[in-house]
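First comes the structure, then the notes that go with it.
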Amino acid sequence: MAAEVLAELGAVSWRQPTDERFLRRYARIWLCWTVAYTVPFLAAAIGLVALEPLAFPVALASLAHAWIIPELYAFRGASVLRPKGPRNERSEPVAQGLLGDLLGHLPRELQRRTGLAMQRSRMGVWLIGEAGAVLVAPGGRRVHCFCVRTTDRGLPPSDRIAHLLLALRTDEQGFATVANHAFCGAPWRVRRRLPVAMRPALDAACEAARAEDGERA
Amino acid sequence: MSRLIKMDASGHSTLAEWTQEDQSGFDAAVREFRTALDEGCIGVLDQGEGQAQQVRELPRDAELVILRRPIAGG
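Quick mapping for you: the protein sequence lines, in order, are chains A and B. Using the working numbering, read the first sequence as starting at 1 and increasing by one per residue. Using the working numbering, read the second sequence as starting at 1001 and increasing by one per residue.
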C-alpha cells in the first residue's frame, strides 16, 4: 500500500488509527464480550435444571438467549456485505467494466460470481462489498466486519465497490479507521449468514489469508 | 491517450482526454479536474498491485485519473 493518508481521515480525526495492533486488541475484547453475554445464560440454564427440573422451559429460554444474541451479532457482521441501495441496472455494466479493469484476473472472476472484490494487503485479505468490507486477518481464523460506503448513494453497485477499493488501496489503515467496526469473530459465524452466492468469496479470502500467513512464517 | 473520468450514476463519464503533445487538451482537463476537486471529489491514480495514489494536481503523464466521491463509515 502507498504510504499516504486518506483524505477522509480529517472527518474522523478523534479516532485512534486502526492498525494491526488495534485490531488484535479489538478481537480480544470481542471474544471477552461474547463470553460475557453467553456464559451467564448457559450457567443459568444449567443451574435452573439442577435446582428444579420442572423449570426446564425457562432453562430452554435461557439457552435460546445464549444462542440468539451471538447470532444477531454475526448477522450484523454479515450484513455489511449484503447488496444495498439502487441496482442501477442500465449503468451497472459500465461500472462493472471499470471495476473489472481495476481488479486482476482472478479477483475479477470472483467479483463477477459473488459480487465481492477481494484485495490482499498488509493487514490481511479484504472483501469489499457495496456498503461494507470484511477483513480476514492473517491465518484466516478471524474476520473483522466494517460498515463503510461512498457518500453518493445513487451510484451503480460496482462503482460503490470501486470507490471503497480505491480508498483501501490508497491508505489501508486510514480506510479501516474511517469505517465503523461492526463485528469480529470466526469466519464460519459470518459465512452462514451470508447470501449463498457470496460464500465462495469468503472461502477464497480465508484460503488466501491462510496461505499468506504460511508464507510470512 | 490519457483520460480523466468521474464515477457517477451513468457508471462513469469521461470528463477530458489529452495526449502528451496536446497542451490545450491538457489545460481543459486541468480545469475539469480542479472543478471536480472543488465539488468535493478526490482524484485517484490507480497504480496496480493493490496500490493507489491520491492526486491534487493532474499528472500529465498518467494514463487514467479517476475521480471518486468521499467515503464514510456506514
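Cβ coordinates follow ideal geometry from the N, Cα and C atoms, glycine included.
(message) So, with DSSP's three-state summary, where would you put Val-1030(B)?
(response) Walking along the second sequence from the start, residue 1030(B) turns up at place 30. Here Val-1030(B) sits in helix by DSSP.
(message) Quick check on the DSSP output: what are the complete beta strand (DSSP E) runs of length 3 or more inside the segment 54 to 123 of chain A, in order along the chain?
(response) 117 to 121
(message) Quick check on Leu-1045(B): does DSSP put it in helix, strand or coil?
(response) Here the question's residue 1045(B) lines up with position 45 in the second sequence. Correct three-state label for Leu-1045(B): strand.
(message) Quick check on Asp-171(A): does DSSP put it in helix, strand or coil?
(response) For the purposes of this step, residue 171(A) is taken as the residue at position 171 of the first sequence. Looking at Asp-171(A) - three-state DSSP - the assignment turns out to be coil, as it is neither helix nor strand.
(request) Pull out every residue of the segment 1043 to 1057 of chain B whose Cβ sits closer than 8 Å to any Cβ of chain A, in chain order. (result) Val-1044, Asp-1046, Gln-1047, Gly-1050, Gln-1051, Ala-1052, Gln-1053 and Gln-1054
(request) Compare the C-beta of Pro-1070(B) with all C-beta atoms of chain A and state if any pair is closer than 8 Å. (result) The residue labelled residue 1070(B) in the question sits at position 70 within the second sequence. Pro-1070(B) counts as touching chain A.
(request) Would you mind reading off the limits of the beta strand (DSSP E) that contains Gly-185(A)? (result) The residue labelled residue 185(A) in the question sits at position 185 within the first sequence. Taken as a continuous stretch (DSSP letters only), the beta strand (DSSP E) holding Gly-185(A) covers 180 to 185.
(request) Measure the alpha-carbon distance for Glu-205(A) versus Arg-153(A) and round it to whole angstroms. (result) Locating residue 205(A) in the first sequence gives position 205, where the first residue counts as 1. Locating residue 153(A) in the first sequence gives position 153, where the first residue counts as 1. Here the sequence assigns Ala to residue 205(A), which means Glu is not the residue at that position. Approximately 27 Å, taken between the alpha carbons.
(request) Tell me whether Gly-1011(B) sits in a helix, a strand or coil according to DSSP, three-state version. (result) Start at 1 with the first residue of the second sequence, and residue 1011(B) comes out as number 11. Gly-1011(B): strand per DSSP, three-state reduction.
(request) Could you check what DSSP says for Ala-11(A) in three-state terms: helix, strand or coil? (result) Taking the first residue of the first sequence as position 1, residue 11(A) is located at position 11. If DSSP states are grouped into helix, strand and coil, Ala-11(A) belongs with the helices.
(request) Using a Cβ-Cβ cut-off of less than 9 Å, list which residues of the segment 105 to 135 of chain A approach chain B; keep chain order. (result) Gln-119, Arg-120, Ser-121, Ala-131 and Gly-132
(request) Keeping to the same chain, check which residues put their C-beta closer than 8 Å to that of Glu-1017(B); ignore five residues upstream and five downstream. (result) Residue 1017(B) sits at position 17 when you count from the first residue of the second sequence. Only Met-1001, Ser-1002, Arg-1003, Leu-1004, Gly-1025 and Ala-1029 meet the Cβ criterion.
(message) Among Leu-135(A), Leu-42(A), Leu-194(A) and Arg-87(A), whose alpha-carbon lies nearest the alpha-carbon of Thr-114(A)?
(response) Start at 1 with the first residue of the first sequence, and residue 114(A) comes out as number 114. The residue with the shortest Cα to Cα distance from Thr-114(A) is Leu-194(A).
(request) Return no unless some Cβ of chain B is closer than 8 Å to the Cβ of Pro-156(A). (result) Mapped onto the first sequence, residue 156(A) falls at position 156. Chain B, which has a Cβ nearer than 8 Å to the Cβ of Pro-156(A), makes this yes.
(message) Taking its Cβ as the centre, do 16 or more other Cβ atoms sit within 10 Å of Asp-171(A), making it buried, or is it exposed?
(response) Translated into the one-based positions of the first sequence, residue 171(A) becomes position 171. With 16 or more other Cβ atoms within 10 Å, it is buried.
(message) For the structure I just gave you, are there three or more beta carbon pairs, one from the segment 184 to 204 of chain A and one from the segment 109 to 125 of chain A, closer than 8 Å?
(response) yes
(message) Quick check: the Cα distance between Leu-63(A) and Leu-48(A), rounded to an integer number of angstroms?
(response) Mapped onto the first sequence, residue 63(A) falls at position 63. Mapped onto the first sequence, residue 48(A) falls at position 48. Distance between the alpha carbons of Leu-63(A) and Leu-48(A): 11 Å.
(request) Give the interface partners of Gly-1074(B) over in chain A, defined as CB-CB distance under 9 Å, in chain order. (result) On the second sequence, position 74 is the one that residue 1074(B) refers to. Those within 9 Å of Gly-1074(B) in chain A are Val-80, Lys-84, Ala-131, Gly-132, Phe-146, Cys-147, Val-148, Arg-149, Ala-179, Asn-180 and Ala-182.
(message) Looking at Ala-162(A): is its Cβ nearer than 8 Å to the Cβ of Phe-146(A)?
(response) As a working mapping, residue 162(A) is identified with position 162 in the first sequence. As a working mapping, residue 146(A) is identified with position 146 in the first sequence. Not in contact: Ala-162(A) and Phe-146(A) (Cβ atoms no closer than 8 Å).
(request) Round the Cβ separation of Val-125(A) and Ala-43(A) to the nearest angstrom and send it over; I've been treating them as touching at under 8 Å. (result) Sequence index remark: in the first sequence, residue 125(A) carries index 125 (1-based). Sequence index remark: in the first sequence, residue 43(A) carries index 43 (1-based). Not a contact, Cβ separation roughly 37 Å.
(request) Give the DSSP-derived three-state secondary structure of Leu-1004(B) in the structure shown. (result) One-based indexing of the second sequence puts residue 1004(B) at position 4. If DSSP states are grouped into helix, strand and coil, Leu-1004(B) belongs with the strands.
(request) Would you kindly check if the distance between the Cβ of Ala-131(A) and the Cβ of Gly-1011(B) is under 8 Å? (result) Numbered from its first residue, the second sequence carries residue 1011(B) at position 11. Numbered from its first residue, the first sequence carries residue 131(A) at position 131. It is not a contact, given that the beta carbons lie outside the stated cut-off.
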